[in-house]
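So the structure is just underneath, and the comments pick up after that.
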């Protein structure tokens, strides 16, 4: 019997300039509406890394080189549509960013203060990114680590 | 429409002693038969970290504290049963290890030479772990990073 697990997606923090605080956000065409990191669901038969490169291309028209895995975000409440785990990559983008596919708009913003309403847990992810820039440490494993097997 | 994605699982490199090379392997009760890192599928409604703590307890009777995310392994061919992504954690174990649940046997081995036939890509994961011990760097993002969107 095939097990049932959360869905798996990827999201990307894409920096375009030398200043690592300058990153790309997209406005979502589909609910939940708001601004988000580029990303999407992983296809069966595709690696996470390939999915990340593909989603960046589809939504932002950028070619990206993945630099690091920031962390895996798996809070069951992080996506109102259902439980989805996201592997978040830091990437360097090349080209002219342009909204396409599921992205209605696109903006290059300062990660320290985007000035935009972010969906999902993408505000938390950006805070983790800012810490990563300073310390090199990815997402903290957090309180989750001691709360397994609540039954 | 609910998307279809690969399944998501967790695996653990559990060290018991001060020597980080001494880790725990289990012999699988179910196919594919052979030796493996403790781990299993993530339940809907459960974080990756909680799943890792639960699987360690169920299969090895150890309480673990997660120390780091080594990486995400997502090669579509890594699991003969179907495409499964594994988030692999390094953990410190406490207690007396004992095989239980899906584990038929358990052994504490030297990660540098387990002397056992490993299933899945767990040999690759152990090689990454040994590099992580030396350099602090997790799984390399590898060739995947430039091969997205093969269509």
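Protein chains in written order, with the numbering used here: chain A, 208 to 358; chain B, 208 to 358. Every residue, glycine too, gets a C-beta built ideally from N, C-alpha and C.
Helix, strand or coil for residue i per DSSP?
{"i": "residue 308 of chain A", "result": "coil"}
{"i": "residue 360 of chain A", "result": "This structure gives no information on residue 360 of chain A, because the portion of chain A shown stretches from 208 to 358."}
{"i": "residue 270 of chain B", "result": "strand"}
{"i": "residue 235 of chain A", "result": "strand"}
{"i": "residue 259 of chain A", "result": "helix"}
{"i": "residue 291 of chain A", "result": "strand"}
{"i": "residue 219 of chain B", "result": "strand"}
{"i": "residue 347 of chain A", "result": "coil"}
Could you tell me which residues DSSP puts in a beta bridge with residue i?
{"i": "residue 275 of chain A", "result": "A:297"}
{"i": "residue 336 of chain B", "result": "For residue 336 of chain B, which the question treats as bridged, DSSP gives no partner whatsoever."}
Between residue i and the rest of its own chain, which residues show a CB-CB distance below 8 Å, the 5 nearest in sequence each way excluded?
{"i": "residue 277 of chain B", "result": "220, 295, 296, 297, 332, 335, 336, 339, 345 and 346"}
{"i": "residue 229 of chain B", "result": "222, 223, 315, 316, 317 and 318"}
{"i": "residue 285 of chain A", "result": "291, 293, 327 and 328"}
Just to confirm my understanding: we take residue i, look at its own chain, exclude 5 residues before and 5 after, and list those with CB closer than 6 Å. What are they?
{"i": "residue 308 of chain B", "result": "265 and 266"}
{"i": "residue 218 of chain A", "result": "244, 246, 293 and 295"}
Could you confirm whether any beta carbon from chain D is found closer than 8 Å to the beta carbon of residue i?
{"i": "residue 300 of chain A", "result": "The chain inventory of the structure shown lacks chain D, comprising the protein chains A and B."}
Are residue i and residue j closer than 8 Å when you measure CB to CB?
{"i": "residue 314 of chain A", "j": "residue 244 of chain A", "result": "no"}
{"i": "residue 251 of chain A", "j": "residue 211 of chain B", "result": "yes"}
{"i": "residue 256 of chain A", "j": "residue 348 of chain B", "result": "yes"}
{"i": "residue 262 of chain B", "j": "residue 241 of chain B", "result": "no"}
{"i": "residue 311 of chain B", "j": "residue 234 of chain B", "result": "yes"}
{"i": "residue 301 of chain B", "j": "residue 269 of chain B", "result": "yes"}
{"i": "residue 239 of chain B", "j": "residue 283 of chain B", "result": "no"}
Would you please verify whether the beta carbon of residue i is less than 8 Å from any beta carbon of chain B?
{"i": "residue 215 of chain A", "result": "yes"}
{"i": "residue 276 of chain A", "result": "yes"}
{"i": "residue 287 of chain A", "result": "no"}
{"i": "residue 293 of chain A", "result": "no"}
{"i": "residue 251 of chain A", "result": "yes"}
Apart from the five residues on each side of it in sequence, which residues of its chain come closer than 7 Å, Cβ to Cβ, to residue i?
{"i": "residue 248 of chain B", "result": "214 and 216"}
So that I know if they touch, is there some Cβ in chain A lying closer than 8 Å to that of residue i?
{"i": "residue 316 of chain B", "result": "no"}
{"i": "residue 256 of chain B", "result": "yes"}
{"i": "residue 248 of chain B", "result": "yes"}
{"i": "residue 211 of chain B", "result": "yes"}
{"i": "residue 229 of chain B", "result": "no"}
{"i": "residue 268 of chain B", "result": "no"}
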